[in-house]
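Residue numbers (this note's numbering), protein chains in the order written: chain A, 1 to 367; chain B, 368 to 734; chain C, 735 to 1101; chain D, 1102 to 1468. Where a beta carbon is used, it is the ideal one built from N, C-alpha and C, also for glycine. Since we're looking at a predicted model, the values are computed, not measured. These notes concern the structure reproduced below.
There are 4 protein chains.
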Amino acid sequence: MTTPPAPREAAGRPEMGRLGSPGSGGCIMTVGVGVIGAGVMGADHARFLATSVAGAALVAVSDPDATRRNAVADAWGVAVRHAEAEALIADDNVEAVVIASPDPTHKAYTLAALAAGKPVLCEKPLATSVADCLDIVAHETAIGRRMIQVGFMRRFDPGYAAMKQALADDRLGAALMLHCIHRNMQAAPYTTSEGLNANSAVHEIDIARWLLGDEVSRALVVTPRASGLAAIRDPQILILTMTGGAVIDAEIFVNAQYGYDVRAELVCERGTVSLLPPSATLIREERREGILHGPDWRGRFADAYRIELQAWIDSLRSGKPAVHGASAYDGYAATAIAEAALKSLGSGLPVDVRLEPRPPLYGTGSG
Amino acid sequence: MTTPPAPREAAGRPEMGRLGSPGSGGCIMTVGVGVIGAGVMGADHARFLATSVAGAALVAVSDPDATRRNAVADAWGVAVRHAEAEALIADDNVEAVVIASPDPTHKAYTLAALAAGKPVLCEKPLATSVADCLDIVAHETAIGRRMIQVGFMRRFDPGYAAMKQALADDRLGAALMLHCIHRNMQAAPYTTSEGLNANSAVHEIDIARWLLGDEVSRALVVTPRASGLAAIRDPQILILTMTGGAVIDAEIFVNAQYGYDVRAELVCERGTVSLLPPSATLIREERREGILHGPDWRGRFADAYRIELQAWIDSLRSGKPAVHGASAYDGYAATAIAEAALKSLGSGLPVDVRLEPRPPLYGTGSG
Amino acid sequence: MTTPPAPREAAGRPEMGRLGSPGSGGCIMTVGVGVIGAGVMGADHARFLATSVAGAALVAVSDPDATRRNAVADAWGVAVRHAEAEALIADDNVEAVVIASPDPTHKAYTLAALAAGKPVLCEKPLATSVADCLDIVAHETAIGRRMIQVGFMRRFDPGYAAMKQALADDRLGAALMLHCIHRNMQAAPYTTSEGLNANSAVHEIDIARWLLGDEVSRALVVTPRASGLAAIRDPQILILTMTGGAVIDAEIFVNAQYGYDVRAELVCERGTVSLLPPSATLIREERREGILHGPDWRGRFADAYRIELQAWIDSLRSGKPAVHGASAYDGYAATAIAEAALKSLGSGLPVDVRLEPRPPLYGTGSG
Amino acid sequence: MTTPPAPREAAGRPEMGRLGSPGSGGCIMTVGVGVIGAGVMGADHARFLATSVAGAALVAVSDPDATRRNAVADAWGVAVRHAEAEALIADDNVEAVVIASPDPTHKAYTLAALAAGKPVLCEKPLATSVADCLDIVAHETAIGRRMIQVGFMRRFDPGYAAMKQALADDRLGAALMLHCIHRNMQAAPYTTSEGLNANSAVHEIDIARWLLGDEVSRALVVTPRASGLAAIRDPQILILTMTGGAVIDAEIFVNAQYGYDVRAELVCERGTVSLLPPSATLIREERREGILHGPDWRGRFADAYRIELQAWIDSLRSGKPAVHGASAYDGYAATAIAEAALKSLGSGLPVDVRLEPRPPLYGTGSG
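Dropping the structure here:
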């Protein structure tokens, strides 16, 4: 049975609202989650919540498109369905909200959930402009406790997690560079040269901040000749300099044709750690020996999405923010840095990044 | 809230008891699981059930050792604790049972759970003798529905699953050979030359049957010179011939020193599929570039255990046996084939395997 | 200028005839080599001798087929051409002979070269029967110095050499097992189930003896179901037990379709060493990431052939046998062990290997 | 016997002096090579020439240090030894010269060899200043035939060669980016922040020009925080833009501690090609599975040096420049581009590269 609303509003709670707590009488509580958006991302979140996350219950789905909405709801036996996100947020069955609707709607739905006192996991980006991101941060800061996690799922990928652990162990000395590769097979038709940064590079931006526990101070975009198979300036190389001096170079190539491929090598003073592609098998056939790349991020980051959702649900049940979850401030920072990168794309020159100070609600580190 | 006992006994249910079904009033039901045994394996199962399996609730733990029992129960906030497994099985909070106690107890606890009408996930081996395994099969056959899953977790490992899928796709033609490697760092002190087969090779035996969907017809054990670091005849090479003619060779080396390492290559008519070690990162340090092996199976097969438990819980909620779960008959077959291998170890000659016929309850395939 | 015949016959020379020695007047001497056979293997040897081996001069080519003979001779500007091998052997330009003609001719040409006092590099097999091999050994023993190197080129492959070095360093403890894979794309049409051992497995036999520095005491052939793409009993698994107890299992699969692939893993008490496929690059394209396998042995073992020839030429110039070169006795042993394997293929039972004692001329080790 | 001087001066010869031609009477001619400098590089060149290059004869060694000079000469039985390079160049035994002495001497010895009519393989850099490089180019242009090959050996590495071949096959579409890694364990004590470019990055500069068959138009150096284990600004990231728009980013890290490691990934429109580390074996020991990196370039590029020397000797014997050999103009270009990188290191800004036009003697391409 889902928890009653009362405990959600209880005084003296820890920083994050504790949901799904054990009830009386040995009853095992789950957090009732509503998913806004039944597109590719929403359908995936719904699937994970329904099948693979302990302590979660998928209780509602919303999408203006009835076909998509019903397809997802039917797949997992979800009775509560809404055309409007606002109705889902207001629904008493819904204790927490996943926002996977189109980017321009993220801000409004996030603020609506905050107003309803319901925690949010918002897919990236938090909002489509720096001002809107700051607006959300201001709302959460006014509430005074962490209600929002932004869906930078890579932080929960076992590979990036192992990298972060290697740094924490000080096994390899200080981090000096991070070489990143981000390749898609083909960009969505509406992708622009500018959007490539906001939509794809933003993952590299967030992971660099989180991994290094440091802030970005400068951004530079270098543009090689564009692929003849791309209608935009693709690939691009994004170079970030951190406050502490580490440098990140990230190839963003969204029409790379051969497969979805994300790689990273963290270069430290005494050694390096690289991501391995998460293939469980090696195939030998037709003169080749190797692995297969998936067509998109879903296979590559399936574990990351599942673990992200589990960490979010765990945080709701424990009342403490997910240790590695991206905050609203992280969502703001990623958008602000992507904006700086966009300026560099236009000018060809390095652009200094000046972020608003981190409110105390968000602690002291980037990680 | 855990489901009331009534539905468990309802007539007209599907083959497997359906547990944790949706209750009235939007209540999300979970399956209340009791874990017997709080050693390494039991603690791991408890952890997965408490943290990573959708629809499961860890409701009880039993172990004669109060320290171990309480350590596991405290870790996950489990109130119900029993010294005796029989008490756990009888406990009304417990709807389904995981048996992770010492091997000689498996039979008694499995039969007790069957008598109580509670489904069982029993760690391998199902029982320590062929006769005992057949006894359990007879009990389950008499009940007339599948109540038992044996913990051959490798069937749920993403690597083996991908191998099986490659065969199903007929991508590479028919399977001809399976080369297996099974290495532990050091054997437990009580391991004998004979037990090496029963305890370690049994995994290779089960995976061969499942992967190839075929039965073993002959077993031969070849013994190389023993390692000077082993007190027993270690390594051994187990060679199985399937009814359809495919041959499995499996190196079992339980004092291999360098790490826990399980590998397999399935050789087909037009190509091969091999397991890759599931490392998320590559490390370069101290003149080396490579991956790290864990000390034991827990890291290597963490995903397999989690997915196995999820599939078991899903099967309990749906009332249908887990598609890839090992049945009591599979548990019997593995023990019977290991016994044939043991004879070959003694004689140095191939030993024919003669299995009891598969009762209709267990379908027609080995897989 | 090639060395004059006189020094070849000089008394007091070291064990092996010293050829190509520095002449007077600063003249740099090369060894004049004649190649018998202008097929695939002969053409390759000719190419290496003409282009990549220090101190060698390709001076003559023989082949009954004028087209092939002239093609090879023209390619490297070789003036001396013979239809008959005997004429080449007798030719004064020829100081040393490479025999790469069909297997049944090996014995006669080897004995002819011995009679002419000219050292021989004979492609494997040394001869097509055990008796013929022993006959050659008897001739060489009567001469009293090493004149023959058998073309087991794998001993010069950098991968196998690194394996042997690892054993010599005692880095990993004693050798316990050697797992071998030998795959061709398609067998030549004339290949028989029996010939598969003599022609392919013989490489595994030789490398096991050399690598382990030990002799084979027993052979067993296990036959999986045959590939539907093979007209013979293919694949086969050859299992050799060494005198010291180490066990070799070698998959021989000459219709493996996907590529030429030779692998080996040497398993020692504290770790293992495996061959890596010698690819200089990794390719990502069409959803795949990996390496390419060549169609046959020429790419895979190009370095081994080159280094083998260099070692042979060096041995001729220094007058000492190539440290890792296979002797006539090694050629005999490989043929004798392949014959034992053939008996096992017929009977399905292990066959004991009984070799003639190693004459003192061949030292004390197998390696 | 080495060729007499007369043919070297013959009129009507092909572009490059033909040496080591077949003499009369079936004599096999070798090119008599003298090596200037008996340090690490000189000793290596001497070894390859003496042991592994067809058609070459190591006939003389010079070094002011008698101990080093004699050590190398003794190792290979070389009688002719000179303290002074000039004496070696003048020596009648010497037909061609390898210059492996300290960088500041390269220009003088190269010009001396040109004056003596003897072809040169000069270790990189061709000279230590742009002006000196141009001076050498002017001398060679005045002679009117190619006498100089610069020792950019990577062009002969099988990995880079396979990359170039992949481009030639148009298998992957046009080249867009080249990601490079160049790591040494520790820099020589005299290495400066500025010299890091001239001495190490120069290899990346040359390989980019050769691989892409294009010229560099701009250079930018980005400096991450320096390693605490380096006394200089190390690492550095060199970013080159080619005339055709392709971009090269190259990490140069000469105090990387863990091993010598050179990598590259060529990114094309439809796929990528990467270098694989040339390890013949994989080792499993002490919880690790992987390969070993050598301490320096000698193991990594042993094949490249051998093949480079073979190509050079072949070119001398055929009278045609080595197809992939770096010319004096390439040597000039690398130095000029490194100088531009040095300016960028000082200013932090991109620096345009303006090269002198390529004289007709050097053909039309960079490759």
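Shorter than 7 Å from the beta carbon of S52 of chain A to some beta carbon of chain D?
-> Translated into the one-based positions of the first sequence, residue 52 of chain A becomes position 52. For S52 of chain A, the nearest beta carbon of chain D is not closer than 7 Å to its own beta carbon.
Under the rule that 16 or more other beta-carbon atoms within 10 Å means buried, what is L1043 of chain C, buried or exposed?
-> Against the third sequence, residue 1043 of chain C aligns to sequence position 309. In the assembly as shown, L1043 of chain C is a buried residue. Its beta-carbon has 16 or more other beta-carbons within 10 Å.
Can you tell me the Cα-Cα spacing of R1182 of chain D and V1162 of chain D, whole angstroms?
-> What you label residue 1182 of chain D is simply residue 81 of the fourth sequence in a count that begins at 1. What you label residue 1162 of chain D is simply residue 61 of the fourth sequence in a count that begins at 1. Going from the Cα of R1182 of chain D to the Cα of V1162 of chain D covers about 5 Å.
Is the segment 1227-1245 of chain D touching the segment 1303-1320 of chain D, taking contact as three or more C-beta pairs under 8 Å?
-> Below 8 Å, too few C-beta pairs join the segment 1227-1245 of chain D and the segment 1303-1320 of chain D to call them touching: fewer than three.
Among the residues of its own chain, which have a CB less than 8 Å from the CB of S782 of chain C, if the five just before and after it don't count?
-> As a first step, residue 782 of chain C is located in the third sequence; it is residue number 48 there, counting from the start. Checking the sequence shown, residue 782 of chain C turns out to be Phe, not Ser. Around F782 of chain C: Y1039, R1040 and L1043.
Can you list the alpha helix (DSSP H) stretches of 4 or more residues lying completely in the segment 1132-1190 of chain D, in chain order?
-> Here the runs fully enclosed are 1141-1152 and 1167-1176.
Is the segment 1380-1388 of chain D touching the segment 638-650 of chain B, taking contact as three or more C-beta pairs under 8 Å?
-> As far as the Cβ criterion goes, the segment 1380-1388 of chain D does not touch the segment 638-650 of chain B, which means the pair count is below three.
From this set, C:A805, C:D799, C:G811 and C:R803, which residue's C-alpha is nearest A784 of chain C's C-alpha?
-> Along the third sequence, read from residue 1 onward, the residue named residue 784 of chain C stands at position 50. Answer by Cα proximity: C:G811.
Near-chain A residues of the segment 1360-1391 of chain D (beta-carbon distance less than 8 Å), N- to C-terminal order = Answer set for the segment 1360-1391 of chain D: V1368, E1370, R1371, G1372 and T1373.
Under the rule that 16 or more other beta-carbon atoms within 10 Å means buried, what is Y627 of chain B, buried or exposed?
-> Mapped onto the second sequence, residue 627 of chain B falls at position 260. Around the CB of Y627 of chain B, 16 or more other CB atoms lie within 10 Å, so the residue is classed as buried.
Count the other CB atoms, across all protein chains shown, that sit within 10 Å of the CB of L1450 of chain D; report buried if there are 16 or more and exposed otherwise.
-> Within the fourth sequence, residue 1450 of chain D is the residue found at index 349, counting from 1. A residue is called buried when at least 16 other Cβ atoms come within 10 angstroms of its Cβ; L1450 of chain D does not meet this threshold and is exposed.
R300 of chain A by DSSP, collapsed to three states: which one?
-> For this step, residue 300 of chain A is matched to residue 300 along the first sequence. Judged by DSSP in its simplified three-state form, R300 of chain A adopts helix.
Quick one, are the C-beta atoms of A1070 of chain C and L1050 of chain C less than 7 Å apart?
-> Position 336 of the third sequence, counted from the first residue, corresponds to residue 1070 of chain C. Position 316 of the third sequence, counted from the first residue, corresponds to residue 1050 of chain C. Result no, Cβ atoms of A1070 of chain C and L1050 of chain C do not sit closer than 7 Å.
Identify every residue that forms a DSSP beta bridge with L1000 of chain C.
-> Along the third sequence, one-based indexing puts residue 1000 of chain C at 266. Answer is C:L912 and C:V1007.
Proximal residues to G661 of chain B (C-beta, below 8 Å), its chain only, five neighbours per side dropped = To locate residue 661 of chain B, count along the second sequence from 1; it is residue 294. If we look at G661 of chain B and ignore the five residues flanking it on each side, its Cβ neighbours are G626, Y627 and R667.
Could you tell me whether the Cβ of R225 of chain A comes closer than 7 Å to any Cβ of chain D?
-> By one-based count along the first sequence, residue 225 of chain A stands at place 225. Yes, its Cβ sits closer than 7 Å to a Cβ of chain D.
Own chain residues within Cβ distance below 7 Å of Y729 of chain B, not counting five before or after | Start at 1 with the first residue of the second sequence, and residue 729 of chain B comes out as number 362. S694 and Y696, listed in sequence order.
Under a three-way DSSP split, which group does T241 of chain A fall into?
-> Working through the first sequence from its first residue, we reach residue 241 of chain A at position 241. Note: T241 of chain A maps to strand in three-state DSSP.
Collapsed DSSP secondary structure at F152 of chain A in the structure displayed | Locating residue 152 of chain A in the first sequence gives position 152, counting from the first residue. Looking at F152 of chain A - three-state DSSP - the assignment turns out to be coil, as it is neither helix nor strand.
May I ask you to list, following chain order, the residues of the segment 289-304 of chain A that have a beta carbon less than 9 Å from some beta carbon of chain C?
-> The segment 289-304 of chain A vs chain C, Cβ under 9 Å: E289, G290, I291, L292, H293, G294 and P295.
In the DSSP assignment, find the unbroken beta strand (DSSP E) run with I1308 of chain D in it and report its ends.
-> Taking the first residue of the fourth sequence as 1, we reach residue 1308 of chain D at position 207. Here I1308 of chain D belongs to no beta strand (DSSP E); instead the alpha helix (DSSP H) covers V1303 to L1313.
Endpoints, alpha helix (DSSP H) assigned at S1445 of chain D | Here the question's residue 1445 of chain D lines up with position 344 in the fourth sequence. Element bounds for S1445 of chain D: A1429 to S1448.
Under 7 Å from the C-beta of L906 of chain C: neighbouring residues of chain D | Position 172 of the third sequence, counted from the start, is the residue given in the question as residue 906 of chain C. By Cβ distance, chain D contributes E1386.
Where the alpha helix (DSSP H) through E1316 of chain D begins and ends = Locating residue 1316 of chain D in the fourth sequence gives position 215, where the first residue counts as 1. Where E1316 of chain D is concerned, there is no enclosing alpha helix (DSSP H), because DSSP gives it neither an H nor an E.
At least one CB of chain B closer than 7 Å to the CB of L1227 of chain D: is that the case?
-> Taking the first residue of the fourth sequence as 1, we reach residue 1227 of chain D at position 126. Output row for L1227 of chain D: interface = no.
7 Å Cβ cutoff met for A772 of chain C and R802 of chain C = Numbered from 1 along the third sequence, position 38 holds the residue referred to as residue 772 of chain C. Numbered from 1 along the third sequence, position 68 holds the residue referred to as residue 802 of chain C. Against a cut-off of 7 Å, the Cβ pair of R802 of chain C and A772 of chain C comes out as a contact.
Nonlocal neighbours in the same chain, by C-beta distance under 6 Å from G1124 of chain D, ignoring five residues either side = Numbered from its first residue, the fourth sequence carries residue 1124 of chain D at position 23. Here G1124 of chain D scores only 38 on pLDDT, less than 50, and its place in the model is too uncertain to base an answer on.
How do the segment 167-187 of chain A and the segment 234-253 of chain A stand: do at least 3 beta-carbon pairs fall below 8 Å, yes or no?
-> At 8 Å Cβ cutoff, the stretches touch.
Could you confirm whether any beta carbon from chain A is found closer than 7 Å to the beta carbon of A529 of chain B?
-> Working through the second sequence from its first residue, we reach residue 529 of chain B at position 162. Under the 7 Å criterion on CB atoms, A529 of chain B is classed as interfacial with respect to chain A.
Helix, strand or coil for Q236 of chain A, going by three-state DSSP, please let me know.
-> By one-based count along the first sequence, residue 236 of chain A stands at place 236. Here Q236 of chain A sits in strand by DSSP.
Below 8 Å CB to CB, which residues in the same chain sit around G25 of chain A once its five sequence neighbours on both sides are set aside?
-> To locate residue 25 of chain A, count along the first sequence from 1; it is residue 25. Bear in mind that the predicted position of G25 of chain A carries a pLDDT of just 32, short of 50, making it unreliable; the figure below should be weighed with that in mind. So the list is empty, once near-sequence residues are dropped.
Partner residues on chain C for P1259 of chain D, Cβ-Cβ distance less than 8 Å = Here residue 1259 of chain D is taken as the residue at index 158 of the fourth sequence, counted from 1. What P1259 of chain D touches in chain C: A1014.
Consider the Cβ of A328 of chain A: report whether some Cβ of chain D lies at a distance smaller than 7 Å.
-> In the first sequence, the residue the question calls residue 328 of chain A occupies position 328. So, not an interface residue.
Endpoints, beta strand (DSSP E) assigned at E1387 of chain D | Residue numbering aside, residue 1387 of chain D sits at position 286 when the fourth sequence is read from its first letter. From DSSP, E1387 of chain D is part of no beta strand (DSSP E); its letter is neither H nor E.
Short CB-CB distance (under 7 Å) between V1323 of chain D and chain A | Walking along the fourth sequence from the start, residue 1323 of chain D turns up at place 222. Interface residue, yes.
Mapping DSSP to helix, strand and coil, what is P350 of chain A?
-> The sequence position of residue 350 of chain A within the first sequence is 350, counting from 1. Residue state for P350 of chain A is assigned as coil, using DSSP reduced to three classes.
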